[in-house]
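In our numbering, the protein residues as written are 319 to 755. Since the structure comes first, as structure tokens, the remarks are kept for the end.
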């Protein structure tokens with residue numbers, strides 16, 4: 319395939335030579351210089367499709383929300399560096415940026431904050447749903463089911479479009495409810511009373527209140543814990559076309575409502591290869607900590623000899639440091655110091671990071687720490703149980719899912735429908751039951 323540019327229009331085309339026939343395919347160039355060959359009409363013109371298992375080299379959408387440069391370790395939301403967003407935005411401010419494309423004005427932010435606080439109370443009838451789950455049920459299952467069920471209590475959410483006040487109300491409601499449902503699922507799992515939200519607290523402080531307040535306890539969230547949680551949510555808010563986000567977009571392309579689409583995103587995120595990676599990191603550090611004979615150096619050698627797996631390093635997109643990991647590394651130390659949490663896991667994590675970065679084996683394979691490496695440490699410091707780690711990821715990712723769902727609707731996207739290359743049996747005669755053997 320060759321690429322040429324028309325002298326009249328400066329438009330680029332790629333020429334595909336197929337069975338002796340030359341086919342010109344348009345080239346799309348993104349705002350950051352990314353190039354893509356548009357094969358939309360390939361099948362109609364040639365009868366061929368492209369084959370890309372797992373869509374690892376397929377651009378399924380043109381999106382204006384998040385930009386990633388994996389080679390340079392860059393992540394930007396609507397043009398703003400993730401480092402600036404993490405340090406300077408509240409979580410609901412980041413949500414507005416992702417959903418509406420610009421940072422909110424002071425008036426926008428005040429109205430958005432008030433709308434989310436107003437929507438934070440759960441419909442009383444929804445509380446009965448928690449009693450229908452088996453004891454010890456995973457919080458992600460409860461979260462997905464309750465997000466889907468929430469739309470039943472708000473009929474307007476079923477028909478909302480991506481425009482107008484109806485969408486904004488549904489977006490605010492979903493952002494509010496996901497935190498309420500998550501905290502409630504935790505309370506039920508430990509046999510405690512579901513806590514009502516406090517309208518005087520901001521989003522992250524309110525979540526910690528609903529998680530950790532007990533009856534007759536004047537719980538006041540620690541400001542450092544609130545700030546750390548805000549940063550953690552910001553860093554997870556969106557990450558381009560990952561598995562769960564692509565799931566939300568695909569479901570949304572069918573015309574499914576916002577709640578149903580994001581409920582599907584929760585299910586995709588639940589997979590251990592996606593949102594469950596930070597749990598694997600903690601299990602890994604715990605294993606090293608609990609085995610007196612297993613030092614970090616020995617564990618690194620086991621990894622190199624393919625006798626063990628190294629979790630929290632490497633990424634499907636980044637071939638450099640995950641910029642989110644750089645932010646979290648800084649905050650992990652600060653949070654544990656300020657909260658006076660003595661966690662041997664942090665020391666092991668630091669030693670493991672140093673050992674891996676000093677070893678050419680990992681550098682040659684571009685295995686650098688990713689966001690999961692330090693997020694589990696911070697969540698442990700905040701008192702979040704391990705089975706809630708992926709739930710925390712889902713809360714943080716909700717703004718991105720909402721923004722991506724809105725973009726699908728704004729673009730008037732056709733229903734997503736990938737093709738396949740069939741490899742099963744050819745046409746054959748159907749045998750009666752007594753002739754099958």
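Ideal Cβ placement from N, Cα and C applies to all residues, glycine included.
Asked, Found
"Whole-angstrom distance between residue 436 and residue 483, CA atom to CA atom", "15 Å"
"Residue 661 and residue 695 closer than 8 Å at C-beta", "yes"
"Best match in 552, 366, 502, 657 for proximity to residue 404 [C-alpha to C-alpha]", "552"
"8 Å Cβ cutoff met for residue 539 and residue 523", "yes"
"Whole-number beta carbon distance between residue 555 and residue 653, since they are thought to touch under 8 Å", "Not quite, the Cβ-Cβ distance comes to about 19 Å (not below 8 Å), so this is no contact."
"Contact check, residue 609 vs residue 689, beta carbons under 8 Å", "no"
"Straight-line gap, residue 513 to residue 407 (C-alpha atoms, nearest Å)", "27 Å"
"Continuous alpha helix (DSSP H) assignments of at least 4 residues falling wholly in the stretch 341-421", "360-364, 400-406, 409-418"
"Residue 631, DSSP secondary structure in three states", "strand"
"Residue 570 and residue 726 closer than 8 Å at C-beta", "yes"
"Alpha carbon of residue 285 to alpha carbon of residue 382, nearest angstrom", "Outside the shown range of the chain (319 to 755) lies residue 285, about which nothing can therefore be said."
"Of the listed residues 542, 587, 705, nearest to residue 563 (C-alpha basis)", "587"
"Beta-carbon proximity list for residue 516, same chain, < 7 Å, skipping 5 on both sides", "524, 527"
"For residue 741: DSSP bridge partner residues", "Answer by DSSP bridge pairing: none, since residue 741 is not bridged."
"Nearest-angstrom Cα separation, counted from residue 676 out to residue 507", "42 Å"
"Any 3 or more C-beta pairs closer than 8 Å across the stretch 729-737 and the stretch 423-431", "no"
"Buried versus exposed, by CB contacts within 10 Å (16 or more), residue 323", "Any reading at residue 323 is ruled out, since the residue's pLDDT is 48, under 50, leaving its predicted position unreliable."
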